[in-house]
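Visitor:
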Amino acid sequence: MVKDKRTTYYALIEDGMIIGNLTTYNWSGKYDYMKIMGLSVHPDYRNQGLATKLMKYAEEECKTSGLKKISAEIPADNVAMHKLLEKCGYEKDTFVNNFVYHPQETSKYYYINPLFIEQDEKEQNNDPVPSRKVINIAAEPVDVIPLTASKFGGYPYWPKDMEYPVNSNGEKLILLAQINLSDVTDPLLPKEGLLQFFISNDDVLGYDDEKGYKVIYHKDIDPTVSETTVKDLGIRAACDLDPDKDEYFPLYKCYSITFEEGFDKKADEDSEDDESTTTGNKLFGYPYFTQYDPREDGEYDIQLLQMDSSYGRGNEIMWGDSGVGHFFIEEKDLKALNFDNAFYTWDCC
Numbered sequence: 189m190v191k192d193k194r195t196t197y198y199a200l201i202e203d204g205m206i207i208g209n210l211t212t213y214n215w216s217g218k219y220d221y222m223k224i225m226g227l228s229v230h231p232d233y234r235n236q237g238l239a240t241k242l243m244k245y246a247e248e249e250c251k252t253s254g255l256k257k258i259s260a261e262i263p264a265d266n267v268a269m270h271k272l273l274e275k276c277g278y279e280k281d282t283f284v285n286n287f288v289y290h291p292q293e294t295s296k297y298y299y300i301n302p303l304f305i306e307q308d309e310k311e312q313n314n315d316p317v318p319s320r321k322v323i324n325i326a327a328e329p330v331d332v333i334p335l336t337a338s339k340f341g342g343y344p345y346w347p348k349d350m351e352y353p354v355n356s357n358g359e360k361l362i363l364l365a366q367i368n369l370s371d372v373t374d375p376l377l378p379k380e381g382l383l384q385f386f387i388s389n390d391d392v393l394g395y396d397d398e399k400g401y402k403v404i405y406h407k408d409i410d411p412t413v414s415e416t417t418v419k420d421l422g423i424r425a426a427c428d429l430d431p432d433k434d435e436y437f438p439l440y441k442c443y444s445i446t447f448e449e450g451f452d453k454k455a456d457e458d459s460e461d462d463e464s465t466t467t468g469n470k471l472f473g474y475p476y477f478t479q480y481d482p483r484e485d486g487e488y489d490i491q492l493l494q495m496d497s498s499y500g501r502g503n504e505i506m507w508g509d510s511g512v513g514h515f516f517i518e519e520k521d522l523k524a525l526n527f528d529n530a531f532y533t534w535d536c537c
């Protein structure tokens with residue numbers, strides 16, 4: 189489950205000595221997190237790793253995260269850091285920071301000058317490769333997992349009176365992933381229920397079959413549904429597949445999955461500095477393709493799920509030859525919880 193955290197970002201001078209810190213509330217992560225919240229490296233201090241220049245807050249992120257204030261807490265005798273913060277748009281304040289205990293009564297506090305937000309709004313909006321919110325997924329193989337848990341593989345929750353998805357040959361689809369929405373937090377997703385992703389167990393994994401994949405949302409959970417009742421319906425899980433016979437399916441184990449919010453950085457095609465963070469398993473964010481993006485411009489603008497190939501340390505997920513699987517959806521359909529129009533694709537090297 190994603191949990192809010194307070195993280196301190198340390199600022200270093202050239203000789204490596206810590207000269208101060210920046211503290212953010214209800215956030216965890218790396219530099220890209222700060223950039224989306226409204227912080228970026230001041231151009232005069234780019235080589236010192238000081239993420240201190242305020243730009244425009246990401247309005248929706250502030251609403252959903254509960255972010256209240258970005259502050260810097262600096263000892264009184266640190267003249268260099270005080271000058272830096274003032275130059276970066278911070279102003280002195282006398283508020284008491286209840287989240288951080290400092291025994292030094294001589295400490296001074298700074299807060300963001302609101303006018304500085306307006307001054308740098310254009311710079312933020314003109315970012316050629318803006319960061320994008322992502323919910324990263326970590327997967328660990330397990331032998332047993334609850335029916336309604338978030339997972340890759342395993343048996344799906346499925347009521348006995350509900351029609352199960354089949355491909356064009358009438359063969360039951362296999363659960364690829366199940367997200368218990370109580371484990372994730374995002375304004376575009378319901379707060380509860382299950383979101384399931386199914387694909388066909390054939391040589392192209394349902395890619396060329398309009399019935400070869402399905403995304404299902406269960407709003408309500410029937411507590412009488414069990415793994416036994418699911419098996420009684422003739423539903424198979426990935427762990428039931430024989431790798432020697434069902435050699436195409438991406439996984440043959442069940443994986444417990446956990447979530448952590450972050451921000452994707454898409455590589456700037458015009459830049460030699462590739463800082464892309466688009467690979468891996470995730471909800472939302474920028475997609476990673478081993479070949480090319482099959483979507484038309486502006487279509488299916490939201491990535492519901494990306495499952496990447498991984499191997500080693502007990503993980504054995506493989507899309508063809510080290511490929512990646514994706515599910516996309518239009519924002520209007522996601523808001524309406526209409527998953528019938530979801531778009532599925534995968535590619536490999």
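All residue numbers for the sequence shown refer to our numbering, where the first residue is 189 and numbers rise by one.
Don't be surprised by glycine CBs; every beta carbon is placed ideally from N, CA and C.
Kindly list the residues whose CB is nearer than 8 Å to the CB of Pro353, restricted to its own chain and excluding five residues on each side of it in sequence; keep chain order.
Guide: Lys360, Leu361, Phe386, Lys399, Lys402, Ile404
Visitor: Leu522 lies in the alpha helix (DSSP H); which residues open and close that run?
Guide: 519 to 523
Visitor: With 16 as the cutoff for other CB atoms within 10 Å, does Ser338 come out buried or exposed?
Guide: buried
Visitor: How is the alpha helix (DSSP H) around Lys158 delimited, first residue to last?
Guide: No answer is possible for residue 158: the residues shown for the chain start at 189 and end at 537.
Visitor: On the criterion of 16 or more Cβ atoms from any shown chain inside 10 Å, does Cys442 qualify as buried, or is it exposed?
Guide: buried
Visitor: Sorted by chain position, which residues of the same chain lie with C-beta nearer than 8 Å to Leu369's C-beta, five sequence neighbours on each side aside?
Guide: Closer than 8 Å at the Cβ level, and outside the excluded window around Leu369, lie Leu377, Pro378, Lys379, Glu380, Gly381, Leu382, Leu383.
Visitor: Taking Leu471 as the reference, give the member of Met506, Leu493, Asp397, Asp481 with the closest Cα.
Guide: Leu493
Visitor: Pull up the DSSP beta-bridge partners for Trp550, would you.
Guide: Here the chain comprises residues numbered 189 to 537, so residue 550 is not present and cannot be evaluated.
Visitor: If I measure Cβ to Cβ from Thr478 and keep anything under 8 Å in the same chain, skipping five residues before and after, which residues do I get?
Guide: Ser510, Gly511, Val512, Asp535, Cys536, Cys537
Visitor: Excluding five sequence neighbours on each side, which residues of the same chain lie with their C-beta closer than 7 Å to the C-beta of Asp397?
Guide: Asn355, Ser356, Ser388
Visitor: Looking only at DSSP bridge pairs, what is Arg320 linked to?
Guide: Asp452
Visitor: So does the stretch 329 to 346 actually touch the stretch 482 to 493, counting three or more Cβ pairs closer than 8 Å?
Guide: no
Visitor: Going by CA-CA distance only, name the one from Phe527, Tyr343, Gly394, Asp521 that's closest to Asp420.
Guide: Tyr343
Visitor: On the DSSP letters alone, give me the boundaries of the alpha helix (DSSP H) that Thr417 sits inside.
Guide: 415 to 420 is the extent of the alpha helix (DSSP H) around Thr417.
Visitor: Starting from the C-beta of Asp452, find all residues in its chain whose C-beta is less than 6 Å away, skip the five residues before and the five after it, and write them out in chain order.
Guide: Arg320, Val322, Thr465, Thr466, Gly473, Tyr474
Visitor: Tell me which same chain residues have a C-beta within less than 6 Å of the C-beta of Phe527, skipping the five on either side of it?
Guide: Val403, Tyr405
Visitor: Work out the CA separation of Asp331 and Ala530 for me, nearest whole Å.
Guide: C-alpha separation (whole angstroms): 31 Å.
Visitor: In terms of DSSP beta bridges, what is Pro329 paired with?
Guide: Within the DSSP secondary-structure output, Pro329 pairs in a beta bridge with Tyr443.
Visitor: Quick check on Leu369: does DSSP put it in helix, strand or coil?
Guide: helix
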